[in-house]
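Position 191 of the sequence shown, counted from 1, bears residue number 198 in this note's numbering, the numbering being contiguous throughout. Here's the structure we're looking at; comments come further down.
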Amino acid sequence: MAAGTPRRSYNSEGRREAARRNRAAVLTACRELLFREGYHATTVRAVAERAGVSAETVYKSFGGKPGMVKALWDITLAGDDEPVPMADRPQLQEILRTGELGAKLRLYAAYARGIHERIAPLFALLTQAGPDVGEVLETGERERLTGVTAFVAHLDEVGALGPEADPAHLADALWALAGPQLYTQFTAGRGWSADTYEEWLAATLTATLPPPSPGKR
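Below is the structure:
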């Protein structure tokens, strides 16, 4: 390069966009193969071939099959692949802003319903796959408990819990009540509609919370 000639800045946007396309293609292929062939028949090589990328690309992006399935779990849970934490998403922010406790819990029930409608088929498939996916499901449940615990802490901060409330106990109760297991049992097992589940969850959460002190609701 001649002296005085400015260096051309390296633009990596094209590479990042290609990586995003490859990631989306891999996760789409992973979902299709999981539901068509089952967990054990869905190999990294098969996903790579379906996505039109190399197996090396899958390993570099996800670290292997468990990481790929966990990434699929995450985008299914969120509804998209945007790098926005669940706590910062508009639906949860609306729940936190809502002042009236009954309305807050109804919004939370609707939020849980939406997640389960997206995740329930994948949850059912993975629970049937045996111990190979135990880590994925356990991680998902730990993350869900973290979210529920933060919601209970929020309820405590805004004075929605009575002085006798045990936040840790309530977090465990809400974690169980709002989990994918009960949603699946009620809808797939007992034929409930999603509307019926949402109404039940809102009413049950309301009944589970101890009444706040007078003037704090």
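From the three backbone atoms N, C-alpha and C, an ideal C-beta is built for every residue, glycine too. On a predicted model such as this, the values are computed, not experimentally measured, just so you know.
Residues near residue i by beta carbon distance below 7 Å, same chain, minus five either side
i           : result
alanine 209 : Leu112, Arg113 and Ala116
arginine 38 : Leu79
Cβ pair residue i, residue j closer than 7 Å
i              : j             : result
alanine 36     : valine 51     : no
leucine 79     : leucine 132   : no
proline 170    : aspartate 163 : no
tyrosine 66    : glutamine 98  : no
arginine 151   : threonine 83  : no
tryptophan 182 : valine 155    : yes
threonine 211  : leucine 177   : no
leucine 40     : alanine 53    : yes
Neighbourhood of residue i by C-beta, 6 Å cutoff - its chain only, sequence neighbours within 5 removed
i                 : result
arginine 224      : Note that arginine 224 scores 47 on pLDDT, short of 50, meaning its location in the model is unreliable and no value can be drawn from it.
alanine 180       : Thr215
valine 76         : Val143
glutamate 206     : none
lysine 72         : Val51
alanine 136       : Tyr46
phenylalanine 130 : Pro187
Terminal residues of the alpha helix (DSSP H) in which residue i lies
i             : result
aspartate 1   : The structure shown does not extend to residue 1, since the chain is modelled only from 8 through 224, so no value can be given for it.
tyrosine 94   : Before going on, a small fix: residue 94 reads as alanine here, not tyrosine. It is not in any alpha helix (DSSP H) - alanine 94 carries neither H nor E in the DSSP assignment.
tyrosine 190  : 187-191
glycine 21    : 20-44
alanine 173   : In the sequence under discussion, the amino acid at residue 173 is aspartate, which differs from the alanine named in the question. Aspartate 173 -> no alpha helix (DSSP H), and no H or E assigned at all.
glutamate 205 : 201-215
threonine 134 : 108-134
glycine 70    : Per DSSP, glycine 70 belongs to no alpha helix (DSSP H) and is neither H nor E.
Spatial neighbours of residue i in its chain, beta-carbon cut-off 8 Å, leaving aside the 5 residues before and after
i             : result
valine 91     : Ala85
serine 16     : In this predicted model, serine 16 has a pLDDT of only 48, less than 50, meaning its place in the structure is not dependable enough to derive any value.
arginine 23   : none
arginine 120  : Tyr190, Ala201, Tyr204, Glu205 and Leu208
asparagine 29 : Ala58, Val60, Thr64 and Ser68
threonine 146 : Lys77
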